[in-house]
Each structure stands twice: as structure tokens, then as C-alpha cells.
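There are 2 protein chains.
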Amino acid sequence: MSVDLKAVKNALTWRYATKAFDPSRKISPEAWAVLEDALVLAPSSYGLQPWQFLVIENSEVRQKLKAVSWNQSQVTDASHFVVLTTLRDVSADYIKGFIRRNMEVRNLAHDSFAGYENMMIKNIVDGMEKTTIRTWNHRQVYIAMGFLLETAALLEIDTVAMEGLDPKAYDRLLGLEQSPYETVAAVALGYRSADDKNQFAQKVRFPKDQVIKVIR
Amino acid sequence: MSVDLKAVKNALTWRYATKAFDPSRKISPEAWAVLEDALVLAPSSYGLQPWQFLVIENSEVRQKLKAVSWNQSQVTDASHFVVLTTLRDVSADYIKGFIRRNMEVRNLAHDSFAGYENMMIKNIVDGMEKTTIRTWNHRQVYIAMGFLLETAALLEIDTVAMEGLDPKAYDRLLGLEQSPYETVAAVALGYRSADDKNQFAQKVRFPKDQVIKVIR
Chain A
122 MSVDLKAVKN ALTWRYATKA FDPSRKISPE AWAVLEDALV LAPSSYGLQP
172 WQFLVIENSE VRQKLKAVSW NQSQVTDASH FVVLTTLRDV SADYIKGFIR
222 RNMEVRNLAH DSFAGYENMM IKNIVDGMEK TTIRTWNHRQ VYIAMGFLLE
272 TAALLEIDTV AMEGLDPKAY DRLLGLEQSP YETVAAVALG YRSADDKNQF
322 AQKVRFPKDQ VIKVIR
Chain B
122 MSVDLKAVKN ALTWRYATKA FDPSRKISPE AWAVLEDALV LAPSSYGLQP
172 WQFLVIENSE VRQKLKAVSW NQSQVTDASH FVVLTTLRDV SADYIKGFIR
222 RNMEVRNLAH DSFAGYENMM IKNIVDGMEK TTIRTWNHRQ VYIAMGFLLE
272 TAALLEIDTV AMEGLDPKAY DRLLGLEQSP YETVAAVALG YRSADDKNQF
322 AQKVRFPKDQ VIKVIR
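Structure below.
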């Protein structure tokens with residue numbers, strides 16, 4: 122049942138930060154559904170999923186986002202463009218909503234989760250500085266980013282993760298300013314253009330023994 | 122060549138945060154090599170790889186780390202235990218070393234990268250606050266965490282990501298205090314114990330249409 126080792130290694134090696142997408146090629150609905158699954162099923166601390174993913178289909182909105190993303194062509198040329206947003210804060214209400222979801226999915230009474238709920242409220246809402254919660258949420262969404270990028274590679278779908286954007290301008294254009302969510306980064310997904318020279322460049326990584334140290 | 126959609130979906134659904142590992146089961150060297158590839162090949166901003174991964178084989182060190190990880194059994198019982206560390210800072214020297222690696226791998230002269238090198242030094246070393254660089258590095262390593270967790274799931278290897286640890290105590294125990302790297306999180310990998318009740322619990326996620334919004 123496990124996926125072939127070589128197929129996984131190939132996908133990891135095959136992927137690269139796509140500079141130019143072929144605007145004519147679209148991701149199939151079947152593959153897109155699995156990419157959405159990767160986002161939904163990505164793990165997060167306590168399972169809190171302090172995030173929301175915005176899939177920008179509207180081409181006018183994409184044009185406007187491109188203008189606040191160093192005019193990078195991927196914003197408009199990729200098949201799909203996803204903005205990764207995170208909660209500005211984690212409130213007691215949010216945690217209670219998460220516990221309600223636990224009760225619903227696992228068909229259990231509140232009693233089963235009361236201790237867990239209190240522990241989370243104590244550790245997070247009462248125990249963490251607002252700025253710490255914010256950077257913590259930012260970190261979490263990079264797990265989902267990883268899942269999205271790797272899943273795409275497995276399906277031979279090209280991607281680029283984008284941090285080179287103005288998050289405040291994104292928030293304004295996407296109407297997030299008064300919402301609990303804020304923009305952190307974005308991912309463009311689709312198929313590489315034949316003209317993208319980056320696809321031919323050798324991947325640059327430090328040697329394995331420099332990146333991974335074994336403590337014997 | 123692409124991996125079967127259903128196999129990927131199955132792996133994403135199959136994985137869970139493993140509470141108890143079977144200490145007798147070890148990850149094969151062949152599978153471990155691919156897990157190391159996932160760490161080495163994970164993408165990062167500018168490709169800078171501001172990280173180092175410590176694989177803790179020494180069982181005494183594992184015991185000591187467990188004591189500063191809320192005594193979570195996974196630290197000692199899992200087949201493999203990896204500490205994710207990141208650079209405390211990104212220096213001009215580090216960027217120059219990265220450019221040298223680019224020259225080496227792509228067999229190109231310094232001229233080919235001089236502009237890129239200057240841009241990175243200007244944007245990062247001169248342009249970013251130290252605290253911003255630090256939280257940025259912390260975010261990057263969560264991409265690698267995502268790659269490690271997803272790759273393991275594809276190979277039917279169980280994992281748990283651990284933030285519930287004392288990073289300063291880890292740094293002390295691992296001799297990182299005077300090094301450029303600091304502990305951020307850890308991942309335990311191996312095979313679930315038959316007694317781990319968590320494997321039978323339904324995975325809790327918010328509904329897809331709550332997590333993913335389409336801007337039409």
C-alpha cells in the first residue's frame with residue numbers, strides 16, 4: 122500500500138520553484154480535489170488549523186494581486202493561485218468551536234473534551250503573548266504549504282511558493298482587514314512553460330552531511 | 122510517472138499524530154534515506170536552507186531530551202528522532218557560502234551570481250531586522266517539517282511533530298548554545314504501537330468549505 126520509494130524521491134527531485142507557467146494548461150478537478158485535501162488534512166499544533174486558504178479564481182483580483190507581488194507573472198499565469206492566511210489570534214471562542222467540531226466528528230459529549238479545552242485555553246489564550254500566538258500561527262501554515270508543494274510534485278503539478286508579496290495590500294484587496302485572518306504567503310500551481318529556463322538549472326542544496334548531523 | 126491520486130489521498134488520511142511508538146520496530150535504511158532526501162530537498166526562501174537537522178541516535182541523549190519534552194515517550198520509543206534547528210541569523214558570510222555552493226553545483230563563475238548575491242545581502246542582511254530574520258527562519262523549517270511528515274506517510278511510516286519541548290534545554294543538551302543554530306521543534310518517526318488508541322480516533326478537521334474559500 123505504501124508509495125514506491127523511488128517515485129517519492131523522483132517527485133522531490135523533479136519539483137522546482139516555477140518561474141513561468143503555461144497559462145493554457147489547467148489542473149484537472151480530480152487533481153485539484155487532492156490538493157485541497159492536502160491543505161485540509163495538513164497537521165497543525167493541537168490540530169487547531171489556525172488558517173484559511175483563499176483560492177483566487179477571479180482574474181481581475183489576480184491582476185490586482187500581481188501588482189502588489191513584484192509583478193510576478195505566476196500570480197496571473199498559473200492555473201490556480203492560493204493565498205495562505207492565518208488567524209491573527211487564537212481566542213477562547215475559537216478553541217470552543219474547535220472542541221464542538223471534535224464532539225461532532227467523534228460523536229462524543231462535551232465531557233470527553235472539557236479537560237482538553239481548559240488546558241488549551243489556559244496554555245494558549247492565557248499563557249501566550251499575542252505576538253507569540255501570531256508568529257506561531259504563521260509557522261503552522263508553512264506545514265500546510267509543505268503539504269501543498271509536495272502533494273503537487275507527486276501529481277507532477279508545478280508550483281512556486283511566494284513570500285515576495287505585500288501582505289497588507291493583499292489583506293486590503295481580499296477584504297481581510299476586518300476579518301480574523303491575515304495574509305502570510307501564497308502558492309501558485311499549474312504547469313511550467315516550455316520557456317522557463319529554471320526547469321533546466323541544477324537544483325542547489327548543501328551536501329547532505331552538512332544539513333543532517335547524526336548524534337551517535 | 123505521477124503517483125496515483127488515491128494513494129496520495131490515502132496517505133494524507135492515514136497519518137495521525139502518533140502517541141505511542143513500538144520501540145522494537147525500526148525504519149529501514151532505504152526508507153530513511155528517502156526521509157533524509159525530503160529534508161535536504163525541501164524548498165526554502167531563496168533556497169537558503171537556513172537549517173540543520175539533528176538525528177539523535179544516542180539513547181542517553183534521547184533520555185535527557187525526553188526529560189525536557191514533558192516526558193513524552195515518543196522521544197525515546199520512536200525509531201528515529203530528529204531535532205529541527207534553524208540559523209539564529211542569516212549573515213553575509215552565510216549568503217556568500219550559499220553562492221559558492223551555487224557556483225559549484227551549476228559549474229558557473231561568480232559573475233553569474235554577483236547580482237543575486239548583492240540583492241540577497243541587501244534584502245536580508247541590510248534590509249531585515251534580526252528578530253524578523255529569526256522568525257522567518259523558524260517559518261522556513263516548517264516547510265521541511267511538512268515534507269518530512271508527508272513523505273513518511275507516503276511510506277507508511279508514523280510520525281509526530283513535537284513543539285512541546287524546551288528549546289533552550291535542547292540547545293544546552295545538544296551543545297548548540299555557542300553555535301549558529303537553535304532548536305525550533307522535533308519530529309519522532311517510526312511505527313505505531315498496537316496500544317496507541319489515537320490511531321482509532323476519527324481525524325478532526327473543519328469542513329472543507331470553512332477552510333478553503335473560493336474568490337470567484
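These protein sequence lines are chains A and B, in that order.
Everything in the first sequence is counted per my numbering, starting at 122 for the first residue and increasing by one.
Everything in the second sequence is counted per my numbering, starting at 122 for the first residue and increasing by one.
Glycine included, each C-beta is placed from N, C-alpha and C at the ideal position.
What you are looking at is a predicted structure, and each value in this text was computed from that prediction instead of being measured.
Against residue 323 of chain A, what residues of chain B qualify as contacts under a CB-to-CB distance less than 7 angstroms, listed in chain order?
226, 227
Does the beta carbon of residue 263 of chain A sit closer than 8 angstroms to a beta carbon anywhere in chain B?
yes
If you measure beta-carbon to beta-carbon, which residues of the stretch 172 to 196 of chain B are closer than 8 angstroms to chain A?
Residues 172, 173, 174, 175, 176, 177, 178, 179, 182.
Would you mind stating whether residue 262 of chain A and residue 336 of chain B have Cβ atoms separated by less than 8 angstroms?
Going by C-beta atoms, residue 262 of chain A is not nearer than 8 angstroms to residue 336 of chain B.
Please list the partners that residue 142 of chain B has in chain A, where partner means a Cβ-to-Cβ separation under 8 angstroms.
Simply none; closest approach about 17 angstroms.
Quick check for students: name the residue ranges of the beta strand (DSSP E) that lie wholly in the stretch 169 to 201 of chain B, counting only runs of 3 or more.
172 to 177
Compute the Euclidean distance between the alpha carbons of residue 185 of chain A and residue 294 of chain A, then round it to the nearest angstrom.
8 angstroms
Please list, in chain order, the residues of the stretch 284 to 304 of chain B that have any C-beta partner in chain E closer than 8 angstroms.
Although the question refers to chain E, the structure presented lacks it and instead comprises the protein chains A and B.
Counted within 10 angstroms of its Cβ, other Cβ atoms place residue 162 of chain A as buried (16 or more) or exposed:
buried
Nearest candidate by alpha-carbon position, reference residue 135 of chain A, set A:323, A:330, A:333, A:328:
A:323
In chain B, which residues lie less than 8 angstroms from residue 259 of chain A when you measure between Cβ atoms?
The contacting residues are 256, 260.
Among all the DSSP beta bridges, which residues are the ones paired with residue 303 of chain B?
B:207
Option in A:234, A:204, A:270 with minimal Cα separation from residue 190 of chain A:
A:204
For my contact list, residue 138 of chain A and residue 281 of chain A are in at a C-beta cut-off of 8 angstroms; report their separation, rounded to the angstrom.
With a Cβ gap of about 5 angstroms, residue 138 of chain A and residue 281 of chain A count as contacting.
Look up residue 286 of chain A in the DSSP assignment and say whether it is helix, strand or coil.
coil
Whether residue 220 of chain B touches residue 234 of chain B by CB criterion (8 angstroms):
yes
Round the Cβ separation of residue 298 of chain A and residue 292 of chain A to the nearest angstrom and send it over; I've been treating them as touching at under 8 angstroms.
5 angstroms
Using only the alpha-carbon positions, how far apart do residue 303 of chain B and residue 277 of chain B sit?
Those two C-alpha atoms are separated by around 30 angstroms.
I need the boundaries of the alpha helix (DSSP H) containing residue 336 of chain A, first residue and last residue.
Looking at the DSSP string, residue 336 of chain A is not in any alpha helix (DSSP H); the run it does join, the beta strand (DSSP E), is 333 to 336.
May I ask you to report which of helix, strand or coil DSSP gives residue 66 of chain A?
Summary: the structure shown does not reach residue 66 of chain A, with chain A confined to residues 122 through 337, and so no result is reported for it.
Quick one: which residues of the stretch 207 to 221 of chain B get their C-beta closer than 9 angstroms to a C-beta of chain A? List them in chain order.
218, 219
Nearest-angstrom Cβ-Cβ length linking residue 326 of chain B and residue 195 of chain A, presumed shorter than 8 angstroms:
Between residue 195 of chain A and residue 326 of chain B the Cβ distance is about 28 angstroms, and since that is not below 8 angstroms, they are no contact.
Run through the DSSP bridge pairs and tell me what residue 310 of chain B is partnered with.
DSSP, once it has assigned bridges, lists B:201, B:280 as partnering residue 310 of chain B.
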